[in-house]
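In the working numbering, the protein residues as written are 14 to 303.
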């Protein structure tokens, strides 16, 4: 339970940091790349065993971790495109509703239980995520020509969470969580550095120290969000479908409440209804465990 709570806390911190980025006009891409470098070092520092570079290449999970690192950057850029073409509410719903994919994977692949309480709890949680994510009076509007982008964000985000669960269960050893996470972030950092290098050659890159500071502030909670999520998945306190649902819904709910307290955000009635449903959903999933 502690690992799950810390994962939720870390993920919520990420949303707060992104809010601060907007206030101080921090270049998100530049900060993201720095964040991946910082997350890499966190993984190296927390690895309990001595790290041998040649041995890292021999891990069975190594090629999958590289693929995840590339996917991290791709999904991030897709989120940016989706936000520009369809609005923040659309990208928020697409990313957060992607929790459906790891939930279904856990139920179908691992044959996890689905009692009445858990089923109702998951449904309430998904409705809650949708309601809390919409920050406009009108419903979501997506042009047909731009529909592919939220679909890709939904799919990519879901594949990332599902892959993390699968690799954790099938390939990653007990003491390898840190180096596994560091490898993912290393690949993401290398791809990001490549993008920034192209920008520099085109004369579009401008170094600003505040972007580095923002990346450091983002990188630490970003690493621990994955690190503690992996720990929570191994704790056995809930099945993976329950872990992902509680984690995702709690982050949405808490970050929304922090938006009110820290950034004076105003919520619509539908957002408050979503928060109430989220609480009931989590309670039912918890009760469904026993």
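Glycine included, every Cβ here is placed at the ideal spot set by N, Cα and C. The model shown is predicted, which means the values in this text are computed figures rather than measured ones.
Whether residue i touches residue j by CB criterion (8 Å)
i, j, result
"residue 300", "residue 130", "yes"
"residue 2", "residue 280", "Residue 2 lies beyond the range of the chain shown here (14 to 303); nothing can be said about it."
"residue 96", "residue 262", "no"
"residue 288", "residue 172", "no"
"residue 251", "residue 74", "no"
"residue 118", "residue 175", "yes"
"residue 235", "residue 52", "yes"
"residue 30", "residue 213", "no"
"residue 197", "residue 243", "no"
Contact set for residue i: own chain, Cβ-Cβ below 6 Å, skip 5 residues either direction
i, result
"residue 135", "258"
"residue 17", "245"
"residue 284", "145"
"residue 159", "98, 99"
"residue 125", "119, 252, 254"
"residue 14", "250"
"residue 195", "53, 56, 57"
"residue 264", "21, 24, 25"
Separation of residue j from residue i, as counted between CA atoms
i, j, result
"residue 297", "residue 167", "25 Å"
"residue 291", "residue 142", "7 Å"
"residue 294", "residue 37", "36 Å"
"residue 255", "residue 66", "36 Å"
"residue 224", "residue 39", "6 Å"
"residue 218", "residue 60", "34 Å"
"residue 107", "residue 147", "11 Å"
"residue 78", "residue 111", "20 Å"
"residue 99", "residue 71", "42 Å"
"residue 123", "residue 54", "33 Å"
"residue 268", "residue 94", "23 Å"
"residue 82", "residue 233", "17 Å"
"residue 184", "residue 210", "34 Å"
"residue 84", "residue 208", "14 Å"
"residue 221", "residue 133", "48 Å"
"residue 35", "residue 90", "17 Å"
"residue 68", "residue 127", "40 Å"
"residue 188", "residue 275", "38 Å"
"residue 186", "residue 80", "19 Å"
"residue 215", "residue 203", "19 Å"
"residue 63", "residue 226", "29 Å"
"residue 182", "residue 270", "33 Å"
Nearest candidate by alpha-carbon position, reference residue i, set the options
i, options, result
"residue 201", "111, 186, 46", "46"
"residue 240", "164, 33, 57", "57"
"residue 165", "211, 105, 123, 185", "105"
"residue 103", "163, 174, 267, 217", "163"
"residue 286", "266, 276, 275", "266"
"residue 161", "113, 88, 196", "88"
"residue 109", "122, 123, 92, 98", "92"
"residue 115", "169, 62, 215, 208", "169"
"residue 228", "33, 15, 14", "33"
"residue 140", "113, 90, 276, 215", "113"
Own chain, CB closer than 8 Å to residue i, minus 5 neighbours either side, in chain order
i, result
"residue 205", "42, 45, 46, 49, 86"
"residue 248", "14, 16, 17"
"residue 178", "115, 118, 119, 246, 253, 257"
Beta-carbon proximity list for residue i, same chain, < 7 Å, skipping 5 on both sides
i, result
"residue 278", "272"
"residue 238", "20, 23, 24, 27"
"residue 180", "74, 77"
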